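Structure first, commentary second.
Protein chains: 2
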Amino acid sequence: MNTTRSGRPALTRPDGTPLRVLVVDDDPDLAEVLCGALRYEGWRVHSAGDGAAALAEARELMPDAVVLDVMLPDTDGFTVLRSLHTVKPDVCVLFLTARDAVEDRIAGITAGGDDYVTKPFSLEEVVARLRGLLRRAGMARQQEEGPRLIVGDLVMDEDAREVARAGELIELSPTEFELLRFLMRNPRRVLSKTQILDRVWSYDFGGRAHVVELYISYLRKKVDAGREPMIHTVRGSGYVLKPVSP
Amino acid sequence: MNTTRSGRPALTRPDGTPLRVLVVDDDPDLAEVLCGALRYEGWRVHSAGDGAAALAEARELMPDAVVLDVMLPDTDGFTVLRSLHTVKPDVCVLFLTARDAVEDRIAGITAGGDDYVTKPFSLEEVVARLRGLLRRAGMARQQEEGPRLIVGDLVMDEDAREVARAGELIELSPTEFELLRFLMRNPRRVLSKTQILDRVWSYDFGGRAHVVELYISYLRKKVDAGREPMIHTVRGSGYVLKPVSP
DNA sequence: CGAACCTCTCAGCAAGCTCTGAAACCGACC
DNA sequence: GGTCGGTTTCAGAGCTTGCTGAGAGGTTCG
Numbered sequence: 001m002n003t004t005r006s007g008r009p010a011l012t013r014p015d016g017t018p019l020r021v022l023v024v025d026d027d028p029d030l031a032e033v034l035c036g037a038l039r040y041e042g043w044r045v046h047s048a049g050d051g052a053a054a055l056a057e058a059r060e061l062m063p064d065a066v067v068l069d070v071m072l073p074d075t076d077g078f079t080v081l082r083s084l085h086t087v088k089p090d091v092c093v094l095f096l097t098a099r100d101a102v103e104d105r106i107a108g109i110t111a112g113g114d115d116y117v118t119k120p121f122s123l124e125e126v127v128a129r130l131r132g133l134l135r136r137a138g139m140a141r142q143q144e145e146g147p148r149l150i151v152g153d154l155v156m157d158e159d160a161r162e163v164a165r166a167g168e169l170i171e172l173s174p175t176e177f178e179l180l181r182f183l184m185r186n187p188r189r190v191l192s193k194t195q196i197l198d199r200v201w202s203y204d205f206g207g208r209a210h211v212v213e214l215y216i217s218y219l220r221k222k223v224d225a226g227r228e229p230m231i232h233t234v235r236g237s238g239y240v241l242k243p244v245s246p
Numbered sequence: 001m002n003t004t005r006s007g008r009p010a011l012t013r014p015d016g017t018p019l020r021v022l023v024v025d026d027d028p029d030l031a032e033v034l035c036g037a038l039r040y041e042g043w044r045v046h047s048a049g050d051g052a053a054a055l056a057e058a059r060e061l062m063p064d065a066v067v068l069d070v071m072l073p074d075t076d077g078f079t080v081l082r083s084l085h086t087v088k089p090d091v092c093v094l095f096l097t098a099r100d101a102v103e104d105r106i107a108g109i110t111a112g113g114d115d116y117v118t119k120p121f122s123l124e125e126v127v128a129r130l131r132g133l134l135r136r137a138g139m140a141r142q143q144e145e146g147p148r149l150i151v152g153d154l155v156m157d158e159d160a161r162e163v164a165r166a167g168e169l170i171e172l173s174p175t176e177f178e179l180l181r182f183l184m185r186n187p188r189r190v191l192s193k194t195q196i197l198d199r200v201w202s203y204d205f206g207g208r209a210h211v212v213e214l215y216i217s218y219l220r221k222k223v224d225a226g227r228e229p230m231i232h233t234v235r236g237s238g239y240v241l242k243p244v245s246p
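Residue numbers (this note's numbering), protein chains in the order written: chain C, 1 to 246; chain V, 1 to 246.
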């Protein structure tokens with residue numbers, strides 16, 4: 001069975017082969033980080049630095065999804081999108097765009113079922129959006145049913161952005177939500193503060209690991225409040241999320 | 001089962017296979033957006049840029065419905081319509097026309113059961129009209145009964161353009177109606193302001209996502225007025241419509 | 001031609017979110 | 001028991017986001 005490097009089962013194509021993703025960005029550093037994060041998901045990842053290369057690569061790879069920077073050296077992402085659809089009509093596209101460019105140029109994109117994230121983004125955000133796109137497009141095998149993460153009596157519905165413990169709804173801020181999602185996608189595994197910072201916070205975040213401690217403390221107040229704790233500290237290593245009693 | 005990309009069950013042919021739609025417009029950007037939106041409904045979509053290509057494509061695809069621009073480079077939509085009827089007599093046609101276009105000719109057309117929308121239109125409008133045409137023509141399997149959307153105690157009759165909460169009629173302006181329809185077609189799912197803007201507002205709308213907040217506020221005053229709220233804000237993500245106590 | 005309605009812009013206010021710094025706390029080891 | 005590094009928590013500043021009232025322009029309809 002195809003698995004991620006992290007050990008958990010990968011989201012695959014219906015036939016069990018790895019999902020294929022093409023990353024298109026002219027910043028080689030960023031592209032490298034993205035590719036790494038997506039390979040970590042157990043996917044087959046290629047990359048291209050401009051529109052022309054992207055098309056050539058797409059024709060060969062026939063990717064299920066494309067992560068596409070809107071600003072490219074030779075063309076813009078929208079032109080590439082059209083060409084991509086002639087190569088593979090059912091391809092999913094996740095756009096990467098600058099914060100202030102959003103309003104005018106993104107128009108019409110999400111209408112087709114595609115999605116976008118604004119720079120600077122967190123890797124968890126990109127992966128989550130991509131998983132959502134692939135799942136909804138029916139390109140990915142439904143591992144369990146629907147967009148729900150379950151650890152013990154803790155349940156997260158990613159589409160509704162709802163979290164409940166033992167049936168009781170929990171209100172979370174965006175950052176708290178993303179942190180908990182990361183923990184829930186890696187249950188029973190010790191995650192270092194650096195690891196968490198790299199995945200959950202934006203790649204350009206300048207702050208220190210102290211924020212992670214802070215947000216863990218917020219989460220504990222909401223998730224563990226009064227109940228048997230699920231979030232545990234491993235001194236000197238990091239944190240683990242575990243179901244209460246196995 | 002055939003499903004839409006959004007996860008809800010698709011409107012299909014009586015035999016369960018995807019509905020087939022042909023999009024005919026000479027503006028490639030617009031055609032692309034339309035195709036995307038219709039694919040998102042779980043339908044099989046092809047496109048053509050002029051009358052000749054449309055006929056060739058129609059002969060091959062045998063579409064259940066055609067979205068047809070009235071102004072085409074080689075002929076006009078009415079001529080294409082006649083030829084289409086010789087290829088497939090029971091095809092449904094949704095015309096796209098400029099606001100100030102010849103109203104009388106359109107009127108003659110719609111008498112035949114076909115329909116039209118004026119540019120600039122919203123994608124929700126096109127999809128809704130198309131669904132209506134197909135349903136009335138008996139080409140689509142009736143998933144539920146009739147043109148009613150129901151979320152909790154909120155009921156929308158699309159044909160009558162009527163909305164009621166807990167049996168009490170609610171008066172809505174056109175934009176409010178379309179926004180609520182979009183929310184009701186995607187219950188329990190967080191919809192971003194961009195997503196809403198792309199589907200509910202016209203494709204040429206230049207404004208900001210700020211309007212969405214405004215209209216959500218209007219809707220709340222009418223739909224949630226005094227009652228247990230169904231429209232919820234998810235800070236940093238968007239809005240959700242949920243039944244009161246699931 | 002006027003009235004009613006609808007849509008959208010603007011701007012101020014309110015609330016919520018993120019992060020910093022400081023201080024209290026804890027466990028482990030001498 | 002004391003010390004020290006790591007961890008938790010508190011309080012608050014600064015910023016972002018969302019809500020809403022007022023009103024301008026446009027359209028529809030009588």
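Where a beta carbon is used, it is the ideal one built from N, C-alpha and C, also for glycine. Values in this document were obtained by computation on a predicted structure and should not be read as measured data.
Who are the near neighbours of residue 61 of chain C in its chain, counting only those whose CB is closer than 7 angstroms to its CB and skipping five residues on each side?
-> Along the first sequence, read from residue 1 onward, the residue named residue 61 of chain C stands at position 61. Taken in chain order, the residues that qualify are 20, 22, 46.
Examine the Cβ distances between the segment 223-239 of chain C and the segment 159-174 of chain C and report whether three or more of them are shorter than 8 angstroms.
-> yes
Measure the beta-carbon distance from residue 188 of chain V to residue 242 of chain V and round it to whole angstroms, keeping in mind my assumption that it falls under 8 angstroms.
-> Translated into the one-based positions of the second sequence, residue 188 of chain V becomes position 188. Translated into the one-based positions of the second sequence, residue 242 of chain V becomes position 242. Going by Cβ atoms, the distance from residue 188 of chain V to residue 242 of chain V rounds to 6 angstroms, so yes, they are a contact pair.
Just the chain C side, please: which residues come within less than 7 angstroms of residue 179 of chain V by C-beta, in chain order?
-> The sequence position of residue 179 of chain V within the second sequence is 179, counting from 1. Going along chain C, no residue has its Cβ under 7 angstroms from residue 179 of chain V, so there is no contact; the nearest lies around 15 angstroms.
Go through the segment 17-61 of chain V residue by residue and report every complete run of the alpha helix (DSSP H) that reaches 4 residues or more, in order.
-> 28-40, 51-61
Close Cβ partners of residue 91 of chain V (< 8 angstroms) along its chain, the five nearest in sequence each way excluded | Along the second sequence, read from residue 1 onward, the residue named residue 91 of chain V stands at position 91. 58, 63, 64, 65, 66, 84, 85, listed in sequence order.
Can you name the residues of chain V whose CB is closer than 9 angstroms to the CB of residue 229 of chain C?
-> Along the first sequence, read from residue 1 onward, the residue named residue 229 of chain C stands at position 229. Ordered by position in chain V, no residue passes the 9 angstroms Cβ test against residue 229 of chain C, which lies about 27 angstroms from the chain.
Every unbroken alpha helix (DSSP H) inside the segment 61-99 of chain C [4 residues or more] | 77-87
CB of residue 80 of chain V within 8 angstroms of CB of residue 98 of chain V, strictly = For the purposes of this step, residue 80 of chain V is taken as residue 80 along the second sequence, with counting starting at 1. For the purposes of this step, residue 98 of chain V is taken as residue 98 along the second sequence, with counting starting at 1. No, they are not a contact pair.
Out of C:134, C:12, C:74, C:73, point me to the one whose CA is closest to residue 93 of chain C's CA.
-> Here residue 93 of chain C corresponds to residue number 93 of the first sequence, with the count starting at 1. Nearest of C:134, C:12, C:74, C:73 to residue 93 of chain C, Cα basis: C:134.
Of the residues V:126, V:191, V:239, V:237, the one placed nearest residue 202 of chain V, counting alpha carbons only = Position 202 of the second sequence, counting from 1, holds the residue named residue 202 of chain V. For the residues V:126, V:191, V:239, V:237, the minimum Cα distance to residue 202 of chain V belongs to V:126.
In chain C, what lies closer than 8 angstroms to residue 234 of chain V by C-beta?
-> Here residue 234 of chain V is taken as the residue at index 234 of the second sequence, counted from 1. Residues of chain C passing the Cβ test: 161.
Could one say the Cβ of residue 128 of chain C lies closer than 8 angstroms to chain V's Cβ atoms, at least one of them?
-> As a working note, residue 128 of chain C is residue 128 in the first sequence. Residue 128 of chain C does not count as touching chain V.
Going by DSSP, what residues sit across from residue 122 of chain V in a beta bridge?
-> To locate residue 122 of chain V, count along the second sequence from 1; it is residue 122. Per DSSP, V:202.
Reference residue 9 of chain C; option with closest CA among C:209, C:40, C:223 | Along the first sequence, read from residue 1 onward, the residue named residue 9 of chain C stands at position 9. For residue 9 of chain C, the nearest C-alpha among the options comes from C:40.
With C-beta atoms as the reference, is residue 33 of chain V less than 8 angstroms away from residue 112 of chain C?
-> For the purposes of this step, residue 33 of chain V is taken as residue 33 along the second sequence, with counting starting at 1. For the purposes of this step, residue 112 of chain C is taken as residue 112 along the first sequence, with counting starting at 1. A contact, by the Cβ cut-off of 8 angstroms.
So is residue 194 of chain V in contact with chain C if we call contact Cβ pairs under 8 angstroms?
-> Here residue 194 of chain V refers to the residue found at position 194 of the second sequence. With 8 angstroms as the cut-off, residue 194 of chain V counts as an interface residue toward chain C.
So which of V:195, V:123, V:169 has the shortest CA-CA distance to residue 210 of chain V?
-> For the purposes of this step, residue 210 of chain V is taken as the residue at position 210 of the second sequence. Among V:195, V:123, V:169, the Cα nearest to that of residue 210 of chain V is on V:195.
Taking the alpha-carbon positions, what's the residue 170 of chain V to residue 124 of chain V distance?
-> For the purposes of this step, residue 170 of chain V is identified with residue 170 of the second sequence, where counting begins at 1. For the purposes of this step, residue 124 of chain V is identified with residue 124 of the second sequence, where counting begins at 1. Between residue 170 of chain V and residue 124 of chain V, the C-alpha separation is close to 21 angstroms.
Taking Cβ-Cβ distances shorter than 9 angstroms, what residues in chain C pair up with residue 60 of chain V?
-> Reading the second sequence from its first residue, position 60 is the one you call residue 60 of chain V. The premise fails here: residue 60 of chain V is roughly 15 angstroms from chain C at the closest Cβ pair, so nothing lies under 9 angstroms.
If we call anything under 8 angstroms between Cβ atoms a contact, is residue 208 of chain V one with residue 182 of chain V?
-> What you label residue 208 of chain V is simply residue 208 of the second sequence in a count that begins at 1. What you label residue 182 of chain V is simply residue 182 of the second sequence in a count that begins at 1. In this structure, residue 182 of chain V does not lie closer than 8 angstroms to residue 208 of chain V by Cβ.
Can you list, in chain order, the stretches of the beta strand (DSSP E) that have 3 or more residues and sit fully within the segment 187-243 of chain C?
-> 231-234, 238-241
Cα-Cα separation between residue 68 of chain C and residue 96 of chain C, rounded to whole angstroms = As a position in the first sequence, residue 68 of chain C is number 68, starting the count at 1. As a position in the first sequence, residue 96 of chain C is number 96, starting the count at 1. Each residue's alpha carbon lies about 6 angstroms from the other.
Cα separation between residue 255 of chain V and residue 43 of chain V?
-> Missing from the structure shown is residue 255 of chain V; chain V here goes from 1 to 246 and no further.
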